Amino acid sequence: MVYTRIMRYSLRVQAMRKISAAIGVALLSVFCCVNMVQAMLPDDKWGSTYGPRAPTGQPVPISAAPATALAYDPLIAGIMSQVSTSNLSQTIMALQNTGGNGNPGTRFSYHPNLRLAAQYIGQRFASFGLGVNYDMYGSPEQGYITNVIGTLPGVGPNSTEILIISAHYDSIANRTPGGWNSDIQSAPGADDDGSGVATVIEAARILSSYSFSRTIRFIAFSGEEQGLLGSLWYAAAQQSLGANIVGVLQLDMVAWDSNNDGVMEVDANLTAASQQLAQSFSDSRQIYGESGISTRIYYGTGRGTSDHKSFWQQGYPAVLISEDSSNDFNIGHYHTTGDLLETLNLPYMTRIARVTAGTLATLAGPSESAILETDLNADHRVDTEDLRMEMSRWRGVPLPPAMDFDKDDRITVADIMHIVKDLGQTGR
Ligand SMILES: [Zn+2]
Numbered sequence: 033m034v035y036t037r038i039m040r041y042s043l044r045v046q047a048m049r050k051i052s053a054a055i056g057v058a059l060l061s062v063f064c065c066v067n068m069v070q071a072m073l074p075d076d077k078w079g080s081t082y083g084p085r086a087p088t089g090q091p092v093p094i095s096a097a098p099a100t101a102l103a104y105d106p107l108i109a110g111i112m113s114q115v116s117t118s119n120l121s122q123t124i125m126a127l128q129n130t131g132g133n134g135n136p137g138t139r140f141s142y143h144p145n146l147r148l149a150a151q152y153i154g155q156r157f158a159s160f161g162l163g164v165n166y167d168m169y170g171s172p173e174q175g176y177i178t179n180v181i182g183t184l185p186g187v188g189p190n191s192t193e194i195l196i197i198s199a200h201y202d203s204i205a206n207r208t209p210g211g212w213n214s215d216i217q218s219a220p221g222a223d224d225d226g227s228g229v230a231t232v233i234e235a236a237r238i239l240s241s242y243s244f245s246r247t248i249r250f251i252a253f254s255g256e257e258q259g260l261l262g263s264l265w266y267a268a269a270q271q272s273l274g275a276n277i278v279g280v281l282q283l284d285m286v287a288w289d290s291n292n293d294g295v296m297e298v299d300a301n302l303t304a305a306s307q308q309l310a311q312s313f314s315d316s317r318q319i320y321g322e323s324g325i326s327t328r329i330y331y332g333t334g335r336g337t338s339d340h341k342s343f344w345q346q347g348y349p350a351v352l353i354s355e356d357s358s359n360d361f362n363i364g365h366y367h368t369t370g371d372l373l374e375t376l377n378l379p380y381m382t383r384i385a386r387v388t389a390g391t392l393a394t395l396a397g398p399s400e401s402a403i404l405e406t407d408l409n410a411d412h413r414v415d416t417e418d419l420r421m422e423m424s425r426w427r428g429v430p431l432p433p434a435m436d437f438d439k440d441d442r443i444t445v446a447d448i449m450h451i452v453k454d455l456g457q458t459g460r
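If you count the sequence shown from 1, position 314 lands on 346 in this note's numbering, and the numbers rise without skipping.
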């Protein structure tokens, strides 16, 4: 792609200010994650007991976010079961070591190595068969910000409705004790936000094998740490094009859980559509029995600490999915050279990734469902993977009803034999 003139180094900060001023945003006033610790503004309330609220004068989204299918769907369970911890950690390691020859590297927005990360992400999307765009903003004089976008086109009349799953691939380490030289020191950004990008890529890998009625865009934004630059431009451009974005799931820092309490957050604003997205995530967690994590939904406009805020500003429904920034923030590592894979809680991140993939697939509307009830992961054949899924719910609580074939409220040998008799059969 066209990377030869990316990020003219001498013009960097000054140039970015100029670009931002041109579209009327207050640059550098909103640092992602910098604000996370202080983000508890008075209008924030949390807890799903509050329930959705009426809109309060925010711009009206083009379409309402699609409603969650409240029923257990074996196809969604099958999608969730494919999320792989080792895939997630390998992707984070690759991002962490960008340009570092096997050691921690940097994805700082103004470092030339950032393009290596963009290429890596684009190549991963392409390997799943997605169409890939490198959206560049700026000019040769000012330098560029590049977002990487993979698209899975929807099928049928709802394909103009767009769902986005996103994270930011740039990183920073300006909180490193003793100071940080961005030219020569690393900014590994494993949690912030390698974890989010890895989740986006893993969702792309799995969902690209299915077809959905709505279009899904998998996006890695840049310039987030400089004031949400990549997403500000992207969301504004989409609004001016009249793009029908019905929901955005932004992931930023989803792998830190030092006290192992499994608490994570979903930040919604005060619009009903954003709150519905948050509720969809919470419902999916519950319906698919992901009891290792618990979800706190925050309702308020004060928590715009990541790229979801850019979509809020354009009237699009969006939420931030993140670790427990209120009570267990990654204060020791974030924005330092110590934000490394080895510090992360991989089982916790995997659970969040599973629910995220399931929520996205549910909202996107699978365009076909499994033919055979024993094809639990809906890959169109009954095989040992379905058997493994069934056996993994042995004495499971809560028990997914679709796996209890003889409806005696427990998984027994009879249920397992039900799958065995179908082994080898294929569906559509
Ligand atoms: Zn971040």
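Where is the CB? At the ideal position from N, CA and C, for every residue including glycine.
All values derive from a computational prediction rather than experimental measurement.
Residue i CB to nearest heavy atom of ligand 1 below 6 Å
i      : result
Asp440 : no
Asp28  : Residue 28 is absent from the model: the chain starts at 33 and stops at 460.
Asp284 : yes
The alpha helix (DSSP H) enclosing residue i, as first and last residue numbers
i      : result
Ala305 : 304-319
Asp447 : 445-452
His340 : 340-345
Ile238 : 227-239
Ser272 : 261-273
Leu395 : 378-396
Glu417 : 416-424
First and last residue of the uninterrupted beta strand (DSSP E) at residue i
i      : result
Leu372 : No beta strand (DSSP E) contains Leu372, which DSSP labels as neither H nor E.
Arg328 : 326-331
Asn276 : 276-283
Thr247 : 247-253
Ala199 : 193-200
Asp299 : 295-300
Leu352 : 350-355
Close-in-space but distant-in-sequence residues of the same chain around residue i (CB under 8 Å, 5 per side omitted)
i      : result
Ile325 : Gly294, Val295, Met296, Arg317, Tyr380, Arg383, Ile384, Val387
Glu234 : Val115, Ser116, Asn119, Leu120, Thr123, Ala385, Ala389
Tyr320 : Tyr104, Ile108, Ala109, Met112, Arg386, Val387, Gly390, Pro432
Leu392 : Leu195, Ile197, Ala235, Leu239, Ile248, Leu281
Val445 : none
Ser272 : none
Ile448 : Leu419, Glu422, Met423
Gln217 : Thr138, Ala205, Thr208, Thr369
Arg427 : Arg442, Ile443
Residues of its chain near residue i, where Cβ-Cβ distance is below 6 Å and the 5 sequence neighbours each way are ignored
i      : result
Thr208 : Thr368, Thr369
Phe160 : Ala236, Arg237, Ser240
Cys64  : Summary for Cys64: the model assigns pLDDT 37, below 50, so the residue's position carries little reliability, and this model does not support an answer.
Gly131 : Gly137, Asn145, Leu148
Ala268 : none
Ala434 : Tyr104, Pro106
Ser263 : Phe253, Asp339, Ser342
Proximal residues to residue i (C-beta, below 7 Å), its chain only, five neighbours per side dropped
i      : result
Leu373 : Ser121, Ile124, Met125, Gln128, Ala222
Ala402 : Below a pLDDT of 50, predicted positions are generally treated as unreliable, and Ala402, at 41, falls in that range; no measurement from the model is reported.
Ala101 : Because Ala101 sits at a pLDDT of 46, beneath the cut-off of 50, its placement in the model cannot be relied upon, and the following sentence gives the value as read from the coordinates. Taken in chain order, the residues that qualify are Thr394.
Quiz prompt | Inside the segment 145-190 only - alpha helix (DSSP H) runs reaching at least 4 residues | solution = 146-159
Exercise. Entirely within the segment 105-151 and at least 4 residues each: give me those alpha helix (DSSP H) ranges in chain order.
Key: 106-113, 117-128
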